[in-house]
Amino acid sequence: MGFDEDINVRDRKVEHIDIVLKESPEYHISTWFEYVYLIHNSLPELSIDDIDTHLDLFGSRFEYPILIDSMTGGGENTDKINRALAELAYKYQVPISCGSQKAYLKYPELGYTYRVMRDVSKDLFIIGNIGGQDIRNNPKEVVDKIVSLIEADALAIHLNPLQELTQPEGDRDFRGVIDAIVEVVDYLDIPIIVKETGAGMSYEVAKSLEAAGVSAINVSGAGGTSWSAVEVLRSRRRFPEHLGIGDIYWDWGIPTAASIIETVNSVDIPVIASGGIRSGLDIVKSIVLGAEMAGLASPFLKALSKGIDYLDKYMESLIMQVKVGMLLTGSKDLKSLKEARYVLLGPLKEWVVQRGVWSG
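Numbering (the working numbering), first residue to last: 48 to 407.
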């Protein structure tokens with residue numbers, strides 16, 4: 048007995064959303080942010096109104112170092128989710144990345160579930176999204192379709208071998224991805240961001256991506272939503288006795304804090320932190336470690352499930368959490384925040400020292 052491929056291509060995202068909202072597909076390991084201690088400044092000589100959270104990235108100005116990261120599209124009612132999140136991004140002047148556009152390639156009639164984001168505003172900064180293995184054949188034709196659909200300002204190419212291997216109907220061949228990325232970089236005149244999907248980025252892969260010419264790297268480390276776990280739970284819904292590879296690799300990956308340090312200390316291109324970012328303090332720590340901004344996905348999805356008003360209040364709270372962390376480190380802007388003092392402890396320190404990516 049196996050999955051019906053046609054149902055899964057159309058409905059997989061709907062199943063993913065339902066699992067994220069109703070079950071607990073979280074890593075059992077943490078992001079390791081708890082091993083990053085910021086040095087408290089009890090004499091900051093700042094007012095909270097002095098804090099400047101804006102940044103310039105990809106030729107655009109964003110008011111906060113927050114990315115509404117890839118979530119959905121291509122399934123029933125996903126257009127409503129994408130519109131609400133796009134409206135939030137436009138209101139607060141932050142970038143937003145759509146979910147994988149793979150479904151659109153097979154079913155063009157699903158394009159509206161993504162296009163709705165651009166309908167919110169021509170000035171909204173939208174990042175398109177496609178898997179690395181999905182661009183190996185005819186990369187120029189593929190990216191033309193997905194970029195033009197939403198008039199994307201940037202394109203994210205996601206790497207997800209762990210999720211694919213734990214997905215019953217997923218890909219099993221990941222050859223030729225780096226060559227396809229190089230071709231897309233040379234072809235498109237918009238920023239190309241390569242992102243993981245929850246298992247983290249190593250410095251070896253980061254260096255390969257920089258050499259390929261990508262504009263930025265989104266580390267998407269371990270410690271938040273485990274997409275291996277999501278696929279396990281999705282399989283169990285159809286086959287109650289299911290026991291597969293995903294059960295074994297539920298916690299596979301590089302914790303987010305370690306992945307940020309690995310990446311920022313190996314490349315000279317912008318790094319975006321994501322993977323288990325759950326608070327403004329996580330965002331602050333990410334930037335102190337060298338990231339430009341931080342992406343969140345499931346927290347926004349869960350906030351939206353409680354209503355538009357709650358979603359707005361959640362964003363306001365998140366922004367204030369960032370400002371408080373900046374003030375308590377004596378950082379008036381994001382440039383000074385990157386210079387804030389910190390201490391690494393425990394397994395995080397052991398990891399980065401052994402890997403030779405941090406000397407203290």
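Just so it is clear, CB atoms sit at the ideal spot from N, CA and C, and this is done for glycine as well.
Residue i: CB within 7 Å of a non-hydrogen atom of the ligand ZN
i: residue 367; result: Questions concerning the ligand ZN fall outside what the structure shown contains, since it holds no ligand whatsoever.
Distance between residue j and residue i (C-alpha atoms, nearest Å)
i: residue 51; j: residue 266; result: Here the model assigns residue 51 a pLDDT of 48, short of 50, so the residue's position is not dependable and the matter cannot be decided.
i: residue 181; j: residue 149; result: 7 Å
i: residue 323; j: residue 276; result: 14 Å
i: residue 134; j: residue 162; result: 13 Å
i: residue 257; j: residue 105; result: 16 Å
i: residue 129; j: residue 160; result: 7 Å
i: residue 76; j: residue 317; result: 26 Å
i: residue 313; j: residue 228; result: 19 Å
i: residue 254; j: residue 372; result: 31 Å
i: residue 74; j: residue 301; result: 11 Å
i: residue 111; j: residue 139; result: 8 Å
i: residue 406; j: residue 310; result: 14 Å
i: residue 307; j: residue 165; result: 30 Å
i: residue 230; j: residue 262; result: 14 Å
i: residue 403; j: residue 72; result: 32 Å
i: residue 64; j: residue 89; result: 42 Å
i: residue 273; j: residue 117; result: 14 Å
i: residue 281; j: residue 205; result: 21 Å
i: residue 109; j: residue 80; result: 25 Å
i: residue 294; j: residue 98; result: 45 Å
i: residue 397; j: residue 210; result: 28 Å
i: residue 393; j: residue 198; result: 45 Å
i: residue 377; j: residue 142; result: 26 Å
i: residue 151; j: residue 124; result: 15 Å
i: residue 285; j: residue 321; result: 30 Å
Contact check, residue i vs residue j, beta carbons under 8 Å
i: residue 114; j: residue 381; result: no
i: residue 232; j: residue 260; result: yes
i: residue 107; j: residue 172; result: yes
i: residue 270; j: residue 303; result: yes
i: residue 189; j: residue 202; result: no
i: residue 355; j: residue 341; result: no
i: residue 349; j: residue 93; result: no
i: residue 345; j: residue 67; result: yes
i: residue 351; j: residue 132; result: yes
i: residue 219; j: residue 212; result: yes
Burial state of residue i (16 or more Cβ within 10 Å)
i: residue 278; result: buried
i: residue 364; result: exposed
i: residue 49; result: Its pLDDT being 46, under 50, residue 49 is placed unreliably by the model, and the measurement read from it follows with that caveat. With fewer than 16 Cβ atoms within 10 Å of its Cβ, residue 49 is classed as exposed.
i: residue 243; result: buried
i: residue 176; result: buried
i: residue 252; result: buried
i: residue 156; result: exposed
i: residue 54; result: The predicted model places residue 54 with a pLDDT of 48, which falls under 50 and marks its position as unreliable; any figure quoted below should be read in that light. Answer is exposed; the Cβ neighbour count stays below 16.
i: residue 95; result: exposed
i: residue 234; result: exposed
i: residue 390; result: exposed
i: residue 370; result: buried
i: residue 388; result: exposed
Rounded Cβ spacing between residue i and residue j (contact assumed at less than 8 Å)
i: residue 120; j: residue 145; result: 5 Å
i: residue 384; j: residue 91; result: 12 Å between Cβ atoms; not a contact.
i: residue 399; j: residue 305; result: 6 Å
i: residue 237; j: residue 200; result: 6 Å
CB contact check: residue i to chain D, cutoff 8 Å
i: residue 225; result: Annotation note: the requested chain D is absent from the structure, which comprises a single protein chain.
Checklist line | Every unbroken alpha helix (DSSP H) inside the stretch 336 to 385 [4 residues or more] | finding: 345 to 351, 355 to 375, 381 to 384
Check: Which ranges does the alpha helix (DSSP H) cover as unbroken runs of at least 4 residues, wholly within the stretch 192 to 230, from first to last along the chain?
Finding: Those alpha helix (DSSP H) runs which fall completely within the stretch 192 to 230 and span 4+ residues are 208 to 213.
Notebook entry, point to check: Which whole runs of the beta strand (DSSP E) in the stretch 252 to 287 are 3 residues long or more, in chain order?
Noted result: 263 to 265
Check: Which runs of the beta strand (DSSP E), 3 residues or longer, sit entirely within the stretch 78 to 106?
Finding: 83 to 85, 102 to 104
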